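Chemist: Just dropping this structure here.
Residue numbers (our numbering): 34 to 355.
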């Protein structure tokens with residue numbers, strides 16, 4: 034938890050000047066920054082899992098006050114507090130935001146947070162994304178996403194057979210939405226049931242990551258399993274607020290609005306006997322420190338770790354010949 038500096042300064046009754054001369058730093062030099070230890074993310078995830086069991090036991094409406102007391106107490110424990118305090122909001126801000134999200138929660142058909150326990154899981158685990166990328170600029174508007182030189186056009190890459198994963202765009206017209214609905218009625222399971230991408234753009238490192246996962250999944254999954262399917266990539270904060278108004282569990286701040294988070298389909302692969310294969314593959318990458326993974330039910334949320342960014346950028350450049 035952040036606390037004010039308690040440097041004693043000049044105390045009452047102490048001499049006005051030190052007894053030994055102060056050491057002067059040579060001009061033109063800067064103080065050495067002491068590296069801050071990285072929070073223990075494995076301990077954080079384990080503490081979140083323990084908290085979720087307790088939240089699940091207090092999920093009924095009369096337990097609102099008990100849930101607040103539980104959240105207030107548990108978030109102050111070191112394994113959780115260390116991570117939350119390192120985010121831009123700090124521990125107190127994270128606690129207040131979580132309690133507000135819980136108070137506002139309304140279950141609906143759209144949200145990936147099927148109950149309060151899922152909401153708490155999604156919020157707390159998504160704070161790892163924010164911790165990792167807190168210095169990255171946010172895409173505030175749709176125009177910023179569409180005009181950013183940091184993002185590449187997936188359709189341009191797809192037409193050149195440079196993508197190993199699949200996606201679909203959101204229909205832009207009423208006619209397109211009607212055609213999408215008709216295809217779903219005629220062939221309900223041919224593709225995942227997802228709205229599709231509003232922005233078909235992504236960071237180069239994320240493209241390399243998804244291509245890498247898609248190749249590994251194709252090699253490990255049963256024969257005839259479709260390729261990895263991506264349901265969400267970069268979003269603007271403007272769009273994130275639209276999703277919240279529609280009832281989705283769209284957290285703020287979000288790794289999606291920084292361009293380093295994606296959602297991939299999981300539930301649809303059950304019919305091919307490949308869901309568990311993909312899940313284990315993603316969790317292996319989390320254990321290796323390359324990803325943050327959040328189980329959101331139908332789709333899983335992934336966020337690229339900063340330590341993997343340089344390697345994946347080089348992989349993208351080598352694969353694309355740039």
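From the three backbone atoms N, C-alpha and C, an ideal C-beta is built for every residue, glycine too. Being a predicted model, the structure only gives us computed values, none of them experimental.
With DSSP as the reference, please indicate the residues paired to residue 263 in a beta bridge.
Modeler: Reading the chain shown from its first residue, position 230 is the one you call residue 263. According to DSSP, which records beta bridges pairwise, residue 263 is partnered with 297.
Chemist: Just to confirm, are residue 104 and residue 143 a CB contact at a threshold of 8 Å?
Modeler: In the chain shown, residue 104 corresponds to position 71, counting from 1. In the chain shown, residue 143 corresponds to position 110, counting from 1. For residue 104 and residue 143, no; Cβs fall outside 8 Å.
Chemist: Please classify residue 374: is it buried, with 16 or more other beta-carbons within 10 angstroms of its beta-carbon, or exposed?
Modeler: The displayed coordinates of the chain run from 34 to 355. Any statement about residue 374 would go beyond what the structure contains.
Chemist: Tell me whether residue 345 sits in a helix, a strand or coil according to DSSP, three-state version.
Modeler: The sequence position of residue 345 within the chain shown is 312, counting from 1. Looking at residue 345 - three-state DSSP - the assignment turns out to be helix.
Chemist: Could you work out which residue in 83, 81, 118, 88 is closest to residue 72 when comparing CA atoms only?
Modeler: Here residue 72 is taken as the residue at index 39 of the chain shown, counted from 1. For the residues 83, 81, 118, 88, the minimum Cα distance to residue 72 belongs to 118.
Chemist: Exposed or buried, which one is residue 313 when buried takes at least 16 other CB atoms within 10 Å?
Modeler: Sequence index remark: in the chain shown, residue 313 carries index 280 (1-based). Looking at its Cβ environment, which holds fewer than 16 other Cβ atoms inside 10 Å, residue 313 is exposed.
Chemist: Please go through the same chain and pick out, in chain order, the residues whose beta-carbon is closer than 7 Å to the beta-carbon of residue 222, but skip the five residues on each side of it.
Modeler: What you label residue 222 is simply residue 189 of the chain shown in a count that begins at 1. Hits under 7 Å: 304.
Chemist: Using the DSSP secondary-structure output, state which residues sit across from residue 317 in a beta bridge.
Modeler: Within the chain shown, residue 317 is the residue found at index 284, counting from 1. Note: residue 317 sits in no beta bridge, so no partner.
Chemist: CB residue 237 to CB residue 349, shorter than 8 Å?
Modeler: Against the chain shown, residue 237 aligns to sequence position 204. Against the chain shown, residue 349 aligns to sequence position 316. Their beta carbons are under 8 Å apart, which means residue 237 touches residue 349 by this criterion.
Chemist: Let me check understanding here. Comparing Cα to Cα, which of 148, 166, 345 lies closest to residue 291?
Modeler: Indexing the chain shown from 1 puts residue 291 at position 258. Checking every option, the nearest Cα to that of residue 291 belongs to 166.
Chemist: Quick one: give me the first and last residue of the beta strand (DSSP E) that residue 333 is part of.
Modeler: In the chain shown, the residue the question calls residue 333 occupies position 300. Per DSSP, residue 333 belongs to the beta strand (DSSP E) from 332-337.
Chemist: Can you find at least 3 beta carbon pairs, one from the stretch 273-280 and one from the stretch 336-346, that sit closer than 8 Å?
Modeler: No, the stretch 273-280 is not in contact with the stretch 336-346.
Chemist: So residue 196 and residue 232 are in contact, right, with Cβ under 8 Å, and what is the actual spacing, rounded?
Modeler: Stepping through the chain shown from its first residue, residue 196 is reached at position 163. Stepping through the chain shown from its first residue, residue 232 is reached at position 199. At roughly 15 Å, the Cβ-Cβ gap does not stay under 8 Å, so residue 196 and residue 232 are not in contact.
Chemist: Determine the closest residue to residue 308 out of 82, 80, 293, 254, with distance taken between C-alpha atoms.
Modeler: Residue 308 sits at position 275 when you count from the first residue of the chain shown. Of 82, 80, 293, 254, the residue nearest in Cα terms is 254.
Chemist: So residue 159 and residue 172 are supposed to be a Cβ contact under 8 Å. How far apart are they, rounded?
Modeler: Here residue 159 refers to the residue found at position 126 when the chain shown is read from its first residue. Here residue 172 refers to the residue found at position 139 when the chain shown is read from its first residue. Incorrect: roughly 17 Å between the Cβ atoms, too far for contact.
Chemist: In whole angstroms, give me the CA-to-CA distance for residue 63 and residue 351.
Modeler: As a first step, residue 63 must be located in the chain shown, where it is residue number 30. As a first step, residue 351 must be located in the chain shown, where it is residue number 318. Confidence at residue 63 is low in this model, with a pLDDT of 47, below 50, so the placement of that residue should be treated as unreliable; the coordinate-derived value is given next. Approximately 38 Å, taken between the alpha carbons.
Chemist: Quick one: what does DSSP say residue 55 is sitting in, helix, strand or coil?
Modeler: One-based indexing of the chain shown puts residue 55 at position 22. Summary for residue 55: the model assigns pLDDT 42, below 50, so the residue's position carries little reliability; its value from the coordinates is reported in the next sentence. Three-state result, residue 55: coil.
Chemist: With DSSP collapsed to three states, give me the class of residue 234.
Modeler: Working through the chain shown from its first residue, we reach residue 234 at position 201. Correct three-state label for residue 234: strand.
Chemist: Using 8 Å as the threshold, is the stretch 291-302 in touch with the stretch 324-336, meaning 3 or more CB pairs across them?
Modeler: Segments in contact, yes.
Chemist: Let's test the definition: count the other Cβ atoms within 10 Å of the Cβ of residue 256 and tell me whether it reaches 16, buried, or not, exposed.
Modeler: Along the chain shown, read from residue 1 onward, the residue named residue 256 stands at position 223. Classification for residue 256: exposed.
Chemist: Below 8 Å CB to CB, which residues in the same chain sit around residue 186 once its five sequence neighbours on both sides are set aside?
Modeler: Stepping through the chain shown from its first residue, residue 186 is reached at position 153. Result list for residue 186: 233, 234, in chain order.
Chemist: Could you compute how far the alpha carbon of residue 175 sits from the alpha carbon of residue 150?
Modeler: The residue given as residue 175 occupies position 142 in the chain shown. The residue given as residue 150 occupies position 117 in the chain shown. Distance between the alpha carbons of residue 175 and residue 150: 31 Å.
Chemist: Bridge partners for residue 186 per DSSP, in chain order?
Modeler: Counted from its first residue, the chain shown places residue 186 at position 153. For residue 186, which the question treats as bridged, DSSP gives the partners 234.
Chemist: Can you grab the Cα-Cα spacing for the pair residue 154 / residue 311, in whole Å?
Modeler: Walking along the chain shown from the start, residue 154 turns up at place 121. Walking along the chain shown from the start, residue 311 turns up at place 278. Looking at the two C-alpha atoms, the distance is approximately 20 Å.
Chemist: What is the rounded straight-line gap between the Cα of residue 36 and the Cα of residue 226?
Modeler: For the purposes of this step, residue 36 is identified with residue 3 of the chain shown, where counting begins at 1. For the purposes of this step, residue 226 is identified with residue 193 of the chain shown, where counting begins at 1. Bear in mind that the predicted position of residue 36 carries a pLDDT of just 39, short of 50, making it unreliable; the figure below should be weighed with that in mind. Going by the C-alpha atoms only, they are around 47 Å apart.
Chemist: I'd like to confirm the pairing. Which residues does DSSP put opposite residue 325 in its beta bridges?
Modeler: Walking along the chain shown from the start, residue 325 turns up at place 292. Paired residues: 336.
Chemist: Residue 282 and residue 152 look like a contact to me (Cβ under 8 Å); what is the Cβ gap, rounded to whole Å?
Modeler: Here residue 282 refers to the residue found at position 249 when the chain shown is read from its first residue. Here residue 152 refers to the residue found at position 119 when the chain shown is read from its first residue. That pair is a contact at about 6 Å.
Chemist: Per DSSP, which one or two residues make a beta bridge with residue 199?
Modeler: By 1-based counting over the chain shown, the position of residue 199 is 166. According to DSSP, which records beta bridges pairwise, residue 199 is partnered with 262.
Chemist: Roughly how many angstroms lie between the CA atoms of residue 97 and residue 224, to the nearest whole one?
Modeler: Position 64 of the chain shown, counted from the start, is the residue given in the question as residue 97. Position 191 of the chain shown, counted from the start, is the residue given in the question as residue 224. Taking the straight line from one Cα to the other gives about 40 Å.
Chemist: To the nearest angstrom, how far is it from the Cα of residue 327 to the Cα of residue 82?
Modeler: In the chain shown, the residue the question calls residue 327 occupies position 294. In the chain shown, the residue the question calls residue 82 occupies position 49. Approximately 12 Å between the Cα atoms of the pair.
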